[in-house]
Amino acid sequence: MTDDGLDQTTDLHLGLIGWPVEHSLSPVIHEAALRAAGRRGAYHLYPLRPEDAQAGLLVQLLKRLRSGELQGLNVTIPYKQRVLAYVDALTPAAAAIGAANTLYRVQDRLVGDNTDAAGFLADLQRLGVAGPSAALVLGAGGAARAVVYALVDQGGSVQIAARRVDQAKDLVADLKRSLPNARLTALALTPRQLGRAVEHCDLVVNATPLGMWPQLERSAWPPGVDFPAGAFVYDLVYNPRETALVRAARAADLRAEGGLGMLVEQAALAFERWTGIRAPRPAMYAAVGKPFENG
Ligand code: NAP
19 MTDDGLDQTT
29 DLHLGLIGWP
39 VEHSLSPVIH
49 EAALRAAGRR
59 GAYHLYPLRP
69 EDAQAGLLVQ
79 LLKRLRSGEL
89 QGLNVTIPYK
99 QRVLAYVDAL
109 TPAAAAIGAA
119 NTLYRVQDRL
129 VGDNTDAAGF
139 LADLQRLGVA
149 GPSAALVLGA
159 GGAARAVVYA
169 LVDQGGSVQI
179 AARRVDQAKD
189 LVADLKRSLP
199 NARLTALALT
209 PRQLGRAVEH
219 CDLVVNATPL
229 GMWPQLERSA
239 WPPGVDFPAG
249 AFVYDLVYNP
259 RETALVRAAR
269 AADLRAEGGL
279 GMLVEQAALA
289 FERWTGIRAP
299 RPAMYAAVGK
309 PFENG
């Protein structure tokens, strides 16, 4: 029985709010989890055009979660920040990041969590890259916020390189409000600045959409700059599975991985929040054609 009084026979109605959502892998991952856990239910897509969200449909969906008609919701672009105004409580991660991707009810309170952060760390751990590190994160948007929070919360130091350096500076200032001792630096995503940043760095994370299908040959890593020696390169982009960045890093004899594992891990953590049971990870990995053990 979960805090919300769900028992193992309750049909689970889960779903994803966002726009656009039609290409999301979340239904495949969560429906595999439901089957493997022997639970009845479904994971629905709620494509919510911004004008419909404005007209109250976002609030209506959240009411359905509050009333118990839905048992759990994921939230994606462009609503991860907007939903904060409608929940009763935030986990420390969601509060520090300033965005929620997972909503659930605890007793009669609506809680917002951000499982991207813990999902990212879980994937690093699965890959054997755990522990505080000196990281260089490319990009300073929504996903970067979760990744940077996760790393500094573990005691790591992070350099954030963004094409608009002000965006990276804002991220540093926001995170310092929750984690005043966080070791964070903002820099411009230029060959010159990256050339300096690589000196003390054992993890590179791409949190820009560069390299995502259909722009397969693009990479956030500028040509002519050497990768940091011995670093692990993690690309949040998972479509294609091997991005130009991952290919280039592997060609330079570095270990490198795309973001599919993070996608599954954030889903597994959301499933655990909603059901109170351990997520059947092997089935969730299998649903996206990825072996569970491949660190
Ligand atoms: P976002 O909020 O739009 O942020 C994107 C960041 O990349 C911003 O800093 C943006 O800068 C920068 N950027 C965009 N185009 C760029 C370019 N041509 N050169 C340099 N910087 C550029 O997006 P997001 O939600 O953070 O998502 C980023 C990527 O992560 C997406 O591909 C998404 O699919 C992936 N992601 C993966 C997972 C996972 O589970 N693996 C989870 C979340 C996100 P501007 O603001 O200046 O454009």
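For the sequence shown, the working numbering begins at 19 and goes up steadily by one.
Heads up, the beta-carbon is just placed ideally off N, CA and C, and yes, glycines get one too.
Quick one: residues in its chain with C-beta nearer than 7 Å to the C-beta of residue i, no 5 flanking neighbours on either side, listed in chain order?
i: His218; result: Ala152
i: Tyr303; result: Val282, Pro309, Phe310
i: Ile295; result: Ala55
i: Phe115; result: The question names Phe, but residue 115 is Ile in the sequence shown. Excluding positions up to five away in sequence, the list reads Asn132, Ala135, Arg163, Ala164, Tyr167.
i: Ser42; result: Leu34, Leu63
Which of the three DSSP states, helix, strand or coil, is assigned to residue i?
i: Ala153; result: strand
i: His218; result: helix
i: Thr203; result: strand
i: Arg273; result: strand
i: His31; result: strand
i: Thr293; result: helix
i: Leu79; result: helix
i: Asp131; result: strand
i: His41; result: coil
i: Tyr61; result: strand
i: Gln26; result: coil
i: Val124; result: strand
i: Ser237; result: coil
i: Asp244; result: coil
i: Gly313; result: Here the model assigns Gly313 a pLDDT of 48, short of 50, so the residue's position is not dependable, and the following value carries that caveat. In this structure, Gly313 counts as coil in the three-state DSSP scheme.
i: Ala180; result: strand
i: Ala117; result: coil
i: Leu108; result: strand
i: Leu212; result: helix
i: Ala305; result: helix
i: Gly160; result: helix
i: Gly279; result: helix
i: Gly86; result: coil
i: Leu102; result: helix
i: Gly146; result: coil
i: Gly229; result: coil
i: Tyr167; result: helix
i: Val255; result: coil
i: Leu66; result: coil
i: Leu193; result: helix
i: Gly36; result: strand
Would you check if the distance between the CB atom of residue i and the CB atom of residue j is smaller than 8 Å?
i: Val306; j: Val46; result: yes
i: Arg299; j: Gly276; result: no
i: Ile35; j: Tyr64; result: yes
i: His62; j: Phe289; result: no
i: Arg236; j: Gly242; result: no
i: Val176; j: Leu202; result: yes
i: Ala225; j: Phe245; result: no
i: Arg53; j: Leu76; result: no
i: Val170; j: Leu193; result: yes
i: Leu91; j: Leu79; result: yes
i: Ala111; j: Ala136; result: yes
i: Ala51; j: Ala297; result: yes
i: Ala238; j: Leu156; result: yes
i: Ala71; j: Tyr104; result: no
Using C-beta distances below 6 Å, list every residue in its chain close to residue i, excluding the 5 sequence neighbours before and after it, in chain order.
i: Val251; result: Val222, Ala267, Leu272, Ala274
i: Ala186; result: Ala158, Ile178, Ala180, Ala204
i: Arg58; result: Asp29
i: Ala107; result: Arg127, Val129
i: Gly313; result: For Gly313, the pLDDT reaches just 48, beneath the cut-off of 50, and the residue's location in the model is therefore unreliable, although a value from the coordinates is still provided. Only Arg144, Leu145, Gly146 meet the Cβ criterion.
i: Leu197; result: Val170
i: Met280; result: Gly137, Phe138, Asp141
i: Arg67; result: Trp37
i: Thr109; result: Asp131
Skipping 5 residues on each side, what residues in its chain have a beta carbon closer than 8 Å to that of residue i?
i: Ala148; result: Leu139, Leu142
i: Trp231; result: Asn257, Pro258
Let me see if you follow: with CB-CB separation under 8 Å, is residue i close to chain C or not?
i: Ala215; result: The structure shown contains no chain C; it holds only a single protein chain.
For the ligand ZN, is there any heavy atom lying closer than 7 Å to the beta carbon of residue i?
i: Thr27; result: Annotation note on the ligand ZN: not contained in the displayed structure, which lists the ligand NAP as its ligands.
**Request:** Determine, using beta-carbon pairs with one atom in the region 25-32 and one in the region 266-277, whether at least three such pairs fall under 8 Å.
**Result:** These segments do not touch.
**Request:** Kindly confirm or deny that the region 115-134 and the region 164-171 touch, where touching means at least three C-beta pairs closer than 8 Å.
**Result:** Of all C-beta pairs linking the region 115-134 to the region 164-171, three or more are shorter than 8 Å, placing the two stretches in contact.
**Item:** Three CB pairs or more closer than 8 Å across the region 146-160 and the region 217-231
**Value:** Touching, per the Cβ criterion.
**Prompt:** Would the region 114-126 and the region 83-90 be scored as touching if the rule is three or more Cβ pairs under 8 Å?
**Reply:** Touching, yes.
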